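Only one structure is covered here, and it is reproduced in the block below.
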Amino acid sequence: MSHDARYIAGLIFKHLEGNISEEESNVLKSWAEESAQNRKFFEELTDEELRKLVQRGAAPEDKILQKIRSGINESVEIARPVHSIPSLTGGRHFLKTTWFKYAAAILLIIGISTYLWNRSTKTEESKTVKTETKKKDILPGGQRALLTLADGSTIILDSAANGQLAIQGNSKIVKLEDGQLIYNSGSISSPFEKGGRGDVRSGETAGGFMNTMSTPRGGQYQLTLSDGTKVWLNAASSITYPTAFTNKAREVSITGEAYFEVTPNKSQPFIVKTIKEEITVLGTSFNINAYPDEPSSKTSLIEGSVMVTTVAPYPPLAGDVSPKAKRGWTLKPGEAFTNNKIIKTDITQDIAWKNGLFNFNDLPFDEAMRQLSRWYDVEIIYDKGIPKKQLKGKMDRNLTLRDALSGLDGIGARFTLEGRVVHVTAIK
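Right under this line is the structure:
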């Protein structure tokens, strides 16, 4: 079994830092056991002295790379043929085998060097020797969102200062130090407080002031509503909600994808509306994927209970007065509603995005590419049709696009990055 060099490089550093997961540790162990060279190389790189330095953050990058290169040189020395120039006849298989050993070693040092550089650029952006490489890559998405107030005015949340941003009715809108937005309801002595935009009456509805948070492609954001309900908004998504819940039901509407942790209130059910469905809850955790470019929406229940009601066209049941008569489905934890039916679902996969991961296990190729497209804000073009292969495995959403694609390269496709366009070529 072959492993991507950059991926293995990342696992080695996670091992050195002491934050490698059990699953990742098994992958690294499998790679080390593939050959004597891998085992020797791994042992050279993970001696106790270097490990302690890395964990303390005291290991200079040049020292680490020197250690890596010395390990690779010794590995290549083992792989070097007895004759410096193999014969052209009868030696092709030997040449090919040797070449792959050299290639693996070269790829590994490139991968580890790239990994080191990616780590260093998070705290030091001034390495001019790396500038050109950095420009050619695409960084992952981050906390980016636009808040539209009741009067139509907008606030760019990722660049807004921490603290109170505005007052809407009896709710203060506050941006916390970690970037998330919260609504604090209660009596306000003055409609104009320092740092806020004042109590804007324009845009008020019977249910109070309506606000909308929207994320661009390559953005996500966390929001706490006035009742304490927490919402995580994925890329290219939006949520519209009242600044205070004053009606019999707490109603919000979304597009795209969102994860909810709803504050329980039996006397005031929480209702989420999408284009085709309504999800009614009392207090629970669930995920809704309702992107318009997906073939179907999906509501996944993590805990509690929800009822999904749909008015989308489907064959009527006996007694239905119309093919569009409402019909409801009640979900249990571990179940999802999609394509007008209840299915068992992998909850860890459905909410992987909220936990900073891509989970591509058994996903159709084009569905995985749509996730990458939204997160990295790139266009996907299939040069020879969509590969038929389903993907496997998990991936960190903090990787640059090139590193993410390198982890998928060769799994049914080859990738070429041109600006913000990814060309996908299917391979057999």
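Numbering (my numbering), first residue to last: 9 to 436.
The C-beta atom is built at its ideal place from N, Cα and C for all residues, glycine as well.
The structure presented is a predicted model; accordingly, all values stated were derived computationally and were not measured.
- Within the region 257–299, the beta strand (DSSP E) runs of at least 3 residues that lie entirely inside it are, in chain order, 258–269, 278–281, 285–289, 293–298.
- The continuous alpha helix (DSSP H) containing residue 357 extends over residues 355–358.
- Within the same chain, and ignoring the five residues on either side of residue 246 in sequence, the residues whose Cβ sits closer than 8 Å to its Cβ are 220, 221, 222, 223, 262, 263, 264.
- In the three-state scheme derived from DSSP, where H, G and I count as helix and E and B as strand, residue 335 is classed as strand.
- Here residue 145 is near residue 408, since their CB atoms are less than 8 Å apart.
- Distance from the CA of residue 229 to the CA of residue 431, rounded to the nearest whole angstrom, comes to 29 Å.
- Residue 375 and residue 302 have their alpha carbons spaced roughly 8 Å apart.
- Here residue 174 is bridged, per DSSP, to 181.
- The straight-line gap separating the alpha-carbon atoms of residue 20 and residue 379 is approximately 27 Å.
- Beta-bridge partners assigned by DSSP to residue 250: 218.
- C-alpha of residue 390 to C-alpha of residue 217: approximately 44 Å in a straight line.
- With distances taken between CA atoms, residue 370 lies nearest to 400 out of 345, 38, 400, 392.
- Between residue 260 and residue 289, the beta carbon gap of about 11 Å keeps them out of contact (Cβ cut-off 8 Å).
- Just measuring C-alpha positions, the residue of 160, 179, 184, 154 sitting nearest residue 171 is 184.
- Here DSSP, grouped into helix, strand and coil, assigns residue 422 to strand.
- In the three-state DSSP reduction, residue 35 falls in the helix class (H, G or I).
- Leaving aside the five residues that flank residue 250 on each side, the residues in its chain whose CB is nearer than 7 Å to its CB run, in chain order, 215, 216, 217, 218.
- Assigned with DSSP and collapsed to three states, residue 363 falls in helix.
- For residue 239 and residue 336, the gap between their C-alpha atoms comes out near 24 Å.
- If you look at residue 373, you'll find it in the alpha helix (DSSP H) that goes 373–384.
- Under the DSSP assignment, residue 313 falls outside any beta strand (DSSP E); it carries neither an H nor an E label.
- In the DSSP annotation of this structure, residue 411 is not part of any beta strand (DSSP E); the continuous alpha helix (DSSP H) holding it starts and ends at 409–416.
- Its chain contains 292, 293, 341 as the residues whose beta carbon lies nearer than 8 Å to that of residue 311, once the 5 sequence neighbours on both sides are disregarded; these appear in chain order.
- Separation of residue 427 and residue 47 (C-alpha to C-alpha, rounded to the nearest whole angstrom) is 39 Å.
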